[in-house]
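In our numbering, the protein residues as written are 3 to 286.
Working notes for the structure below.
In structure tokens, the structure reads:
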């Protein structure tokens, strides 16, 4: 177990080095892992002890690290927040820890169903790859400027949908944010991969099927043709002026599809690929 003396000495070192107090708990977890040759999950007793210690020795609220990225997951007719933590160094993550507002009893119920458990873990991998990779991609200097602009606009639309679906009463109009996001994701990928002028982007317009055609052409992934049927979940563009009266299940189908396309783009242009590890572990 981590000792009071070890934490006190480490905090003094952090203080002398000018390390932001908000970073110190995770820095301490990383240091513990390195010094004692062990891998820690954020839900482990040692990690909890470290967080409690820094909470007691910091300005109230300072130790709370917050989320790097948030998405939502649909289960039992409700949307649950999926929180990807800010990560420093090598910290072992537990997919279930990201569902911080889901009671343990519901988590156990969800994971007892092998298909449901697998669906969640794959989705969590998408969240982790997207959340950790989007800022990396944003900072890359050698990417097409217009493509990056389109991608960041898609990211804004996706995050807006997440914010709406995180509310106590999700608004069905979030499907329109998802529709715009997936349109922009298609166009951003095409632009980053092969180049796309603004006039060519306008020729695709709001036609998601045209966007998918160009996306498949640019990626060479003909198996994505199967996505065409799923695009029907989105309303036609002229319906944006109408009240959106759709089920939560349809909202989730549109949101999760959009999120998966975004994650695919992130994995294409960065070294983020948690999904590959997840799939590999399943094959093993």
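Beta carbons: idealized from backbone N, C-alpha and C, even for Gly.
- Residue pairing by DSSP places residue 82 opposite 75 in a beta bridge.
- Taking C-beta atoms as the reference points, residue 193 and residue 152 count as a pair closer than 8 Å.
- Residue 244 sits exposed, since fewer than 16 C-beta atoms from the chains shown fall within 10 Å of its C-beta.
- Residues of the same chain with a CB within less than 7 Å of the CB of residue 118, apart from the 5 flanking positions on each side, are 112 in chain order.
- Residue pairing of residue 87 in beta bridges, as defined by DSSP: 69.
- With contacts defined by Cβ atoms closer than 8 Å, residue 195 and residue 220 form a contacting pair.
- One thing to note: residue 30 has its Cβ no nearer than 8 Å to the Cβ of residue 42.
- With a threshold of 16 other beta carbon atoms within 10 Å, residue 185 meets it and is buried.
- In the three-state reduction of the DSSP assignment, residue 38 falls in the coil class, being assigned neither a helical nor a strand state.
- Restricting attention to alpha helix (DSSP H) runs no shorter than 4 residues, the region 163–249 encloses them at 176–196, 200–206, 210–221, 229–232, ordered along the chain.
- The three-state reading of DSSP puts residue 105 in coil, since its state is none of H, G, I, E or B.
- The Cβ atoms of residue 99 and residue 44 lie closer than 8 Å to each other.
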